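Residue numbers (the numbering used here): 8 to 93.
Written as structure tokens, this is what we have:
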């Protein structure tokens, strides 16, 4: 299994865990009535969820940027071969 495939699997796993966190937060909000420990836990999980969303966005951005570069550099290489530069 290639590195890219493993990264995609890991991102998908993180995305699934993020959905679980969001589900917990939604449920916990309705039960928190005055429970300070639950309030703190909700706050911590919400912070982690935001960080996870940021990481997923960065991974997507980096992957897209690399894909575009390969596309651009591949085009330049093909043109160089066609006109006999390389």
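Positions of the beta carbon are idealized from the N, C-alpha and C atoms, including for glycine. These numbers come from a predicted model, not from an experiment.
- Taken atom to atom, the span from the alpha-carbon of residue 30 to that of residue 12 is near 27 Å.
- When C-alpha distances from residue 17 are compared across 69, 63, 74, 87, the shortest belongs to 63.
- Straight-line spacing of the CA atoms in residue 22 and residue 73 works out to 21 Å.
- Residue 86 sits in a helix when the DSSP states are folded into three classes.
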